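J.: Numbering (this note's numbering), first residue to last: 26 to 447. The C-beta atom is built at its ideal place from N, Cα and C for all residues, glycine as well. Here the structure is a predicted model, which means the values were calculated and not measured. First, the structure itself, so that you have it in front of you.
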RNA sequence: GGAGCCAUGCCGGAGCGGCCGAACGGACUUCACUGCUAAUGAAGGGUCGGGGUUAAACUCGACCGGGGGUUCAAAUCCCCCUGGCUCCGCCA
């Protein structure tokens, strides 16, 4: 939800943002007029209610003889109030609809345009060279007896898999490494529910643009979350936070579920794009004035993970038209995947400024003592998909894979994954 | 699954259909006093929104788990829902 004050005071800024995203700027004018109608209806209702409140006191004070006449009048006022209240509610609902069509205000400097208009901020690690024909992650995973797609499909269908042996251990090691680093950075670990109520799904915005990607359990009316961001954002819904000690940082580990409804035929091989995976997600509540700096800190922690794992990657500043509706800016880190000859997204980090918190009612007390919406940010610190880049990047001619040093302590000192059979 | 009890502000906890945005206690903030991180005294605070103001002041409305209803008037009465606690049953 955008700031209604901004809508009144500076609609031009909102329009500029809408244009950068490639959205229709007329939604802004519609929202403005909806806001005006809303306030007019509210004013009418409130003054009638004030009259009713005053009159009620007279009724009480009146003598027995006067009462019947007064009550007759009061009944009329009550009917008027009821009607005015209904009109006010309608106008309110209409405004909510109009305002919710407007996406978050893009931060100055975000590249305009669509998916292909991202700006590469830097490339790190170069393109890995092999003096043999590199195998893709699935072939490696099968040689190592680490990934079993066939049985995944047998049990659950396409895009499901088993991680087995060193594959299972690798994922747990990766998550543990990420969690330890998050702890060192002051994050509070959290294992959230992955089934959430409709209002939480709605409040975090995932029933909007991602609605068709979300699994729903109709018999219980619960949704399976595609990221722990949902539960982490809902965690402090309708609360006033104490940020006097600085930002509140959570590291949420959860399984994530995505129906991938729009991706038929894309990335069908291996575990690059699957219905279920695990992820360690960073989520931060902070002072809006500090949000951009925090965003860069999140990015820093992500890059540090990439480097610890010896991956080649690039950092991109995602273009306005490719941002989610809640994000004001988004940095993705994409790792180089040798057999694809290109970079693939491993992390994503969004600054949602106050857009998400406004809808969820998460506020803090500013120095002046006023309650104001907090800024929320989120970013990936590890996911199952990283296994793709790790296996491919560190493979050797015989199909063995060198274990990045940072992971070894979490794998009992194991230095190499060795193929189970030739 | 059956039966009962409960849901009020930061916390505890009162609350008669109108004088209740809500007693009282604690915590908190400010001031005073005390030679000193204590004691005492005084004062002050909630949230959301509308109007108003450069900003305040001020003012109006809403909010006592959520949603309906009764009534001129609901924290208070009725219904539904959600959540919590206790007991019984069932499954481990």
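1) Along the chain, where does the beta strand (DSSP E) that runs through residue 418 open and close?
2) With three or more beta-carbon pairs closer than 8 angstroms as the criterion, would you say the stretch 343 to 353 touches the stretch 430 to 441?
3) Find the nearest neighbour of residue 264 within the set 295, 388 and 296, judged by alpha-carbon distance.
4) Going by the CB atoms, is the gap between residue 407 and residue 203 shorter than 9 angstroms?
5) Applying the 10 Å Cβ sphere with the 16-neighbour rule, what's the burial state of residue 223?
6) Please report the residue range of the beta strand (DSSP E) in which residue 372 lies.
7) Please state whether the Cβ-Cβ distance between residue 159 and residue 364 is less than 9 angstroms.
8) Let me make sure I understand the geometry here. Which of 152, 209 and 53 has the alpha-carbon closest to that of residue 34?
9) Specify the secondary structure class of residue 102 as computed by DSSP and reduced to three states.
10) Quickly, what does DSSP pair residue 442 with across the bridge? List them, please.
11) So which of 282, 266 and 268 has the shortest CA-CA distance to residue 249?
12) If you scan the stretch 205 to 240 from start to end, which runs of the alpha helix (DSSP H) of 4 or more residues do you find wholly inside it?
13) Which residues mark the beginning and the end of the beta strand (DSSP E) in which residue 398 is found?
14) Jot down the residue ranges of each uninterrupted alpha helix (DSSP H) in the stretch 127 to 210, minimum 4 residues, whole runs only, in chain order.
15) In whole angstroms, what is the alpha-carbon distance linking residue 331 and residue 358?
16) Would you check if the stretch 333 to 341 and the stretch 122 to 134 touch, i.e. whether three or more CB-CB distances between them fall below 8 angstroms?
17) So which of 380, 360, 392 and 124 has the shortest CA-CA distance to residue 267?
18) Quick check: what's the CA-CA separation for residue 317 versus residue 134?
19) Specify the secondary structure class of residue 39 as computed by DSSP and reduced to three states.
20) Whole angstroms are fine: how far does the CA of residue 384 sit from the CA of residue 106?
21) Under DSSP, the alpha helix (DSSP H) around residue 291 begins and ends at which residues?
22) Identify every residue that forms a DSSP beta bridge with residue 301.
23) Is residue 306 helix, strand or coil by DSSP?
24) In its own chain, which residues sit with a C-beta less than 6 angstroms from the C-beta of residue 240, not counting the 5 before and 5 after it?
25) Leaving out five residues on either side along the sequence, give the residues of the same chain with a beta carbon under 8 angstroms from the beta carbon of residue 119.
26) Check each candidate in 81, 85, 121 and 420 and name the one with the smallest Cα separation from residue 102.
27) Could you check if residue 404 is buried or exposed, using at least 16 other CB atoms within 10 Å of its CB as the buried criterion?
28) With a Cβ-Cβ cutoff of 9 angstroms, do residue 400 and residue 157 count as a contact?
29) With a CB to CB cut of under 7 angstroms and the five nearest residues on each side skipped, what residues in its chain are close to residue 474?
30) Does residue 355 pass the burial test, meaning 16 or more other C-beta atoms within 10 Å, or should it be called exposed?
31) Beta carbon of residue 192, beta carbon of residue 170: below 9 angstroms?
32) Residues in the same chain with beta-carbon distance under 7 angstroms from residue 419, minus the five sequence neighbours each way, listed in chain order, please.
T.: Taking the coordinates as given:
1) Here residue 418 refers to the residue found at position 393 when the first chain is read from its first residue. In the DSSP assignment, residue 418 falls outside any beta strand (DSSP E) and within the unbroken alpha helix (DSSP H) covering 411 to 418.
2) Contact annotation: the stretch 343 to 353 does not touch the stretch 430 to 441, with fewer than three C-beta pairs closer than 8 angstroms.
3) By one-based count along the first chain, residue 264 stands at place 239. Nearest to residue 264 by C-alpha distance, out of 295, 388 and 296, is 388.
4) Along the first chain, read from residue 1 onward, the residue named residue 203 stands at position 178. Along the first chain, read from residue 1 onward, the residue named residue 407 stands at position 382. When the beta-carbon positions are compared, residue 203 and residue 407 come within less than 9 angstroms of each other.
5) As a first step, residue 223 is located in the first chain; it is residue number 198 there, counting from the start. Result: exposed.
6) Against the first chain, residue 372 aligns to sequence position 347. 367 to 376 is the span of the beta strand (DSSP E), which, as asked, contains residue 372.
7) Along the first chain, one-based indexing puts residue 159 at 134. Along the first chain, one-based indexing puts residue 364 at 339. Contact: yes.
8) Within the first chain, residue 34 is the residue found at index 9, counting from 1. Answer by Cα proximity: 53.
9) Indexing the first chain from 1 puts residue 102 at position 77. The answer is helix: DSSP assigns residue 102 an H, G or I state.
10) Taking the first residue of the first chain as position 1, residue 442 is located at position 417. Its beta-bridge partners are 426.
11) Mapped onto the first chain, residue 249 falls at position 224. Ranking 282, 266 and 268 by Cα distance to residue 249 puts 282 first.
12) Qualifying alpha helix (DSSP H) stretches, in chain order: 223 to 228.
13) In the first chain, the residue the question calls residue 398 occupies position 373. Residues 396 to 398.
14) Positions of the alpha helix (DSSP H) runs, each at least 4 residues long and wholly inside the stretch 127 to 210, are given as 162 to 168, 174 to 181 and 191 to 209 in order along the chain.
15) Taking the first chain and counting its residues from 1, one reaches residue 331 at position 306. Taking the first chain and counting its residues from 1, one reaches residue 358 at position 333. The alpha-carbon of residue 331 is positioned some 9 angstroms away from that of residue 358.
16) Short answer: they don't touch.
17) Reading the first chain from its first residue, position 242 is the one you call residue 267. 392 is the residue among 380, 360, 392 and 124 whose C-alpha sits nearest the C-alpha of residue 267.
18) Taking the first residue of the first chain as position 1, residue 317 is located at position 292. Taking the first residue of the first chain as position 1, residue 134 is located at position 109. Inter-residue distance for residue 317 and residue 134 is about 12 angstroms (C-alpha atoms, whole angstroms).
19) Taking the first residue of the first chain as 1, we reach residue 39 at position 14. Here residue 39 sits in helix by DSSP.
20) Counted from its first residue, the first chain places residue 106 at position 81. Counted from its first residue, the first chain places residue 384 at position 359. Taken atom to atom, the span from the alpha-carbon of residue 106 to that of residue 384 is near 29 angstroms.
21) Within the first chain, residue 291 is the residue found at index 266, counting from 1. No alpha helix (DSSP H) holds residue 291; DSSP gives it neither H nor E.
22) Position 276 of the first chain, counting from 1, holds the residue named residue 301. DSSP output for residue 301 lists 282 as bridge partner(s).
23) Within the first chain, the letter at position 281 stands for residue 306. Shown here, residue 306 sits in a strand according to DSSP, grouped into three states.
24) In the first chain, counting from the first residue as 1, residue 240 sits at position 215. Within the same chain, residue 240 has close Cβ partners 249, 282 and 284.
25) Taking the first residue of the first chain as position 1, residue 119 is located at position 94. Around residue 119: 59, 62 and 63.
26) Mapped onto the first chain, residue 102 falls at position 77. Of the residues 81, 85, 121 and 420, the one whose Cα lies closest to the Cα of residue 102 is 81.
27) Taking the first residue of the first chain as position 1, residue 404 is located at position 379. Classification for residue 404: buried.
28) Stepping through the first chain from its first residue, residue 400 is reached at position 375. Stepping through the first chain from its first residue, residue 157 is reached at position 132. Using a Cβ distance threshold of 9 angstroms, residue 400 and residue 157 do not count as a contacting pair.
29) A question about residue 474 goes unanswered here, because the residues of the chain that appear run from 26 up to 447.
30) In the first chain, residue 355 corresponds to position 330, counting from 1. Taking all protein chains shown into account, residue 355 has 16 or more neighbouring C-beta atoms within 10 Å of its C-beta and is therefore buried.
31) Reading the first chain from its first residue, position 167 is the one you call residue 192. Reading the first chain from its first residue, position 145 is the one you call residue 170. A contact, by the Cβ cut-off of 9 angstroms.
32) Sequence index remark: in the first chain, residue 419 carries index 394 (1-based). Excluding positions up to five away in sequence, the list reads 335, 426, 427 and 429.
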